[in-house]
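So that you can map any letter, position 275 of the sequence shown is 274 in numbering that gives the first Met the number 0, and since no number is skipped, the others follow by simple counting.
Cβ atoms here follow ideal geometry from the backbone N, Cα and C, with glycine treated the same way.
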Amino acid sequence: MENLSGKIIIIDDSESIQFLFTEILDTVFELVQFLNPIEALKNLETEKYDCIILDLMMPELSGTDFLKTYRNYDKETPIIILTAKQCGDREIAELFKIGASDFVTKPFLSAELIARLNHHIKLKRTKEELLFTNKELQAAISREEKLNEKIINKTIALQKSIARIKILNKKLKYFAAHDKLTGFLNRRAFFAFLDNDIKRLKRIDSHLSILMLDIDFFKNINDTYGHLIGDFVLAEFSKLIKEHLRDIDLVCRYGGEEFLILLSDSDIHHSLIVANKLREIIEQFIFSTNDLKINITISIGAAELKKDEKIDSFIKRVDEALYVAKKTGRNKVEHAK
Numbered sequence: 000m001e002n003l004s005g006k007i008i009i010i011d012d013s014e015s016i017q018f019l020f021t022e023i024l025d026t027v028f029e030l031v032q033f034l035n036p037i038e039a040l041k042n043l044e045t046e047k048y049d050c051i052i053l054d055l056m057m058p059e060l061s062g063t064d065f066l067k068t069y070r071n072y073d074k075e076t077p078i079i080i081l082t083a084k085q086c087g088d089r090e091i092a093e094l095f096k097i098g099a100s101d102f103v104t105k106p107f108l109s110a111e112l113i114a115r116l117n118h119h120i121k122l123k124r125t126k127e128e129l130l131f132t133n134k135e136l137q138a139a140i141s142r143e144e145k146l147n148e149k150i151i152n153k154t155i156a157l158q159k160s161i162a163r164i165k166i167l168n169k170k171l172k173y174f175a176a177h178d179k180l181t182g183f184l185n186r187r188a189f190f191a192f193l194d195n196d197i198k199r200l201k202r203i204d205s206h207l208s209i210l211m212l213d214i215d216f217f218k219n220i221n222d223t224y225g226h227l228i229g230d231f232v233l234a235e236f237s238k239l240i241k242e243h244l245r246d247i248d249l250v251c252r253y254g255g256e257e258f259l260i261l262l263s264d265s266d267i268h269h270s271l272i273v274a275n276k277l278r279e280i281i282e283q284f285i286f287s288t289n290d291l292k293i294n295i296t297i298s299i300g301a302a303e304l305k306k307d308e309k310i311d312s313f314i315k316r317v318d319e320a321l322y323v324a325k326k327t328g329r330n331k332v333e334h335a336k
């Protein structure tokens with residue numbers, strides 16, 4: 000997930016924890032830090048923040064009492080509770096009831112904390128945009144919040160609290176591994192799957208192939224119609240590709256208009272059949288939006304993994320095959336030697 004810029008207030012009486020937050024978050028977010036929760040409350044009377052990180056156990060004012068006080072005049076700003084202990088089910092339910100948005104247990108993973116902050120900031124900004132643009136949506140959100148409050152009030156079982164966290168983690172993992180526009184895997188996630196598949200091949204007698212696709216002259220679409228239309232074509236192109244692949248096939252957005260397709264248990268002959276089918280489908284499809292009708296073509300390189308071949312060599316060969324396809328006329332398929 001892309002990091003969102005945001006202003007974060009951190010309230011924790013531990014100087015070492017505050018230093019750790021500075022090390023982790025200072026380059027990602029604008030930080031304001033308080034060791035004293037009472038001073039932090041005074042600051043919050045005049046300052047606005049995108050998210051609050053609040054320690055649960057503090058001598059001057061407990062996190063629970065802080066939460067109750069602050070929610071009297073601000074019910075919107077997300078608050079992530081930080082705790083060094085395992086909370087019981089009733090305590091978790093009570094925290095959500097009085098206004099907590101999430102909680103993190105020490106010690107925490109920096110990547111997870113940043114992802115959670117991004118998630119809550121994005122939700123907050125989306126809600127603010129909806130409230131600003133449509134009064135009817137304001138009423139709907141208010142009704143939803145009341146409904147959510149009733150549900151949360153009844154949520155005292157630990158099992159439900161754990162389920163909520165699992166769902167959030169699942170979403171965070173999805174956003175961390177997928178391209179937002181196309182829904183395909185990003186490069187990091189794709190190469191992790193590729194590495195695992197190559198290791199699997201060493202244990203069984205099978206084949207593995209990759210296709211590298213490039214949309215021909217895609218820059219002309221952006222230059223002629225604008226990036227919004229370009230994004231529309233990419234999104235529809237991605238849906239079309241998904242419809243004509245197996246469930247086990249993995250697709251990666253490798254670059255702006257370049258894609259990789261991992262074909263497990265497929266030799267070069269099968270991969271060429273798939274490649275030519277995709278090329279023909281794309282060539283014949285008309286991308287329609289408003290009064291525009293757009294045709295595109297694709298060039299494809301194909302390669303089968305050689306015995307004991309490294310990933311870099313594998314990708315280089317399929318890239319060279321794609322280069323040949325583009326160099327010799329485009330809208331065609333070439334396989335690596």
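Around the beta carbon of L43, a 10 Å sphere encloses 16 or more other beta carbons of the protein chains shown; the residue is thus reported as buried.
DSSP places G300 in the strand class (E or B) of the three-state scheme. In the three-state reduction of the DSSP assignment, S237 falls in the helix class. In the three-state reduction of the DSSP assignment, T223 falls in the helix class. Distance check between K121 and each of C50, E59 and F131 places C50 closest, using alpha-carbon atoms only.
Contact check for L212 against I299 passes: the beta carbons are separated by less than 7 Å. Counting only the Cα atoms, I161 lies some 26 Å from A188.
Across the structure, G229 and L34 are spaced so that their CA atoms are roughly 49 Å apart.
Beta-bridge analysis with DSSP links R252 to F258.
Within the same chain, and ignoring the five residues on either side of E319 in sequence, the residues whose Cβ sits closer than 8 Å to its Cβ are G300 and A335. Taking all protein chains in view, the Cβ of S15 is surrounded by fewer than 16 other Cβ atoms within 10 Å, so the residue is classified as exposed. Nearest in C-alpha terms to I280, of all of I295, I267, T288 and N289, is I295. Burial state of P58 is exposed, judged by a 10 Å Cβ sphere holding fewer than 16 other Cβ atoms. Within the same chain, T181, G182 and F183 come within 7 Å of S237 by CB-CB distance, once the 5 residues on both sides are set aside. Its chain contains no residue whose beta carbon lies nearer than 8 Å to that of I203 once the 5 sequence neighbours on both sides are disregarded.
Taking each of Q17, D215 and I80 in turn and checking the Cα distance to G255, the smallest one comes out for D215. For a cut-off of 8 Å, the C-beta gap from D266 to E303 is around 6 Å, short enough to register as a contact.
By the beta-carbon neighbour count (other beta carbons within 10 angstroms, threshold 16), F107 is exposed. The three-state secondary structure of S263, taken from DSSP, is strand. The Cβ-Cβ distance between F28 and G5 falls below 7 Å. Taking a contact as a CB-CB distance under 8 Å, the pair N185 and D178 counts as one, their CB atoms being some 5 Å apart. Beta-bridge partners assigned by DSSP to V332: I299. At a Cβ-Cβ threshold of 7 Å, L193 and I260 do not count as neighbours.
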